[in-house]
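Some notes on the structure that comes next.
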Amino acid sequence: MAKLRNIIKTLSFFFFLLAATAPSLSSATSATDTFVFGGCSQQKFSPASAYESNLNSLLTSLVNSATYSSYNNFTIMGSSSSDTAHGLFQCRGDLSMPDCATCVVRAVSQVGPLCPFTCGGALQLAGCYIKYDNISFLGQEDKTVVLKKCGPSEGYNTDGISRRDAVLTELVNGGGYFRAGGSGDVQGMGQCVGDLTVSECQDCLGTAIGRLKNDCGTAVFGDMFLAKCYARYSTDGAQHYAKSHSYKTNYGGERTFAIIIGLLAGVVLLIIFLLFLRGVCSRGGDFYFLHIFII
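Quick note, the sequence shown lines up with residues -26 to -1, 1 to 269 if you use mature numbering (1 follows the signal peptide of the UniProt record, and there is no 0).
Okay, structure coming up:
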């Protein structure tokens, strides 16, 4: 019985320790790994096929490259065009290299379950973006709207709209593939995928920002993701870019740890139940189930 008490106390302490540390672990990763959107192609590949091998090599290259670069693309040649894997990753321009690498690792680990055995997949997290396919998309401008998200309207406010438009204009006129700026409580951000030319990037961001102004109107925040660029703005009181504007999915850190804690609780109860059955058998049916749970 003393041995049983020690086992239960050890399991209870471990469970308490994980529950106590889960919030801090979740908050440490939420800044970059919040799910924004994902998509998969319709074409499938067979397990253990040549394309699967090439795709694994491609994803490994993306992860390795993210340790020293914020953008890169690769093509892993196959014996045929259908077996060739094309892919890229892009980190948010203000991320450090360690944060970039961590984000890409998370994206690669999540895109497989999201797109099982599909030849193409894309995943946008708050801090990074990855895409792959057996059909080449590298170097091709694409202004298809992938995701539009507008916050609640704050009502017509001439000063607020003027500052929002000034920030977005600053993004249009800014140079580079990553652009960020602000005015008072209004912050803006835009970025192009690195396989675009400078002029293509400018064209893509101009389209995204124009759509933001027209589609989101007086919203407190707006996100416009096109296939090869995005533009976002946020006002004071709206959630920051690094957090979800209600994009949370099963990949959210808080829910992941809640699932882990729930599973561990189930394991603890199962072990206690098995130990109880063992005690019943060894004592010839003595009933001490209630005593176990009032220790």
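Backbone N, C-alpha and C fix where the C-beta goes; we use that ideal spot for every residue, glycine too.
Given the structure is predicted, the values throughout are model-derived calculations rather than measurements.
Identify whether residue i lies in helix, strand or coil by the three-state DSSP scheme.
i	result
ASP107	strand
ARG137	helix
ALA154	strand
GLY95	strand
MET51	coil
TYR45	strand
VAL120	strand
CYS203	strand
SER208	strand
LEU32	helix
LEU62	strand
ASP169	coil
PHE9	strand
ASP197	strand
ASP57	helix
CYS89	coil
GLY180	helix
Indicate whether residue i and residue j have their beta-carbon atoms separated by less than 9 Å.
i	j	result
GLY94	SER23	no
LEU197	ASP159	This sequence places Asp at residue 197; Leu is not what is there. No, they are not a contact pair.
CYS175	TYR204	no
MET51	ASN30	no
VAL100	ARG66	The sequence shown places Ala at residue 100, not Val. It is a contact, given that the beta carbons lie within the stated cut-off.
GLY180	VAL146	yes
ASP7	CYS77	yes
VAL82	LEU112	no
SER13	ALA96	In the sequence as displayed, the identity of residue 13 is Gly instead of Ser. Yes, Cβ-Cβ distance for GLY13 and ALA96 is below 9 Å.
PHE195	THR92	no
GLN98	VAL119	no
Whose C-alpha, out of the options, is nearest the C-alpha of residue i?
i	options	result
TYR103	ALA40, GLY184, THR58	ALA40
LEU36	GLY156, PHE48, PHE11	PHE48
VAL85	SER208, MET163, VAL167, PHE11	PHE11
LEU69	THR92, SER110, GLU144, SER44	SER44
GLN114	TYR25, LEU200, PRO87	LEU200
ALA75	PRO87, THR58, GLU26, ASN38	ASN38
MET71	VAL167, GLN98, TYR42, THR118	TYR42
ILE135	GLN165, ALA5, LEU186	LEU186
Quick check: the Cα distance between residue i and residue j, rounded to an integer number of angstroms?
i	j	result
SER56	LYS122	32 Å
SER190	CYS124	This sequence places Cys at residue 190; Ser is not what is there. So the two alpha carbons sit approximately 5 Å from each other.
MET163	LEU62	21 Å
ASP116	GLN64	16 Å
ASP139	ILE183	9 Å
TYR207	ASN46	26 Å
SER157	ASP133	11 Å
ALA154	SER54	42 Å
LYS202	ASN188	20 Å
VAL79	ASN131	42 Å
THR143	ALA193	17 Å
CYS178	PHE9	23 Å
ASN224	ASP73	Low confidence applies here, because ASN224 scores a pLDDT of 30, under 50, leaving its location unreliable; read the following figure in that light. C-alpha separation (whole angstroms): 21 Å.
PRO87	ILE109	21 Å
SER127	GLN17	40 Å
Taking 8 Å as the cut-off, is the C-beta of residue i nearer than that to any heavy atom in the ligand GTP?
i	result
PRO126	Ligands in the displayed structure: none, and consequently the ligand GTP is not present.
Any contact of the stretch 104 to 112 with the stretch 170 to 190, i.e. 3+ C-beta pairs under 8 Å?
no
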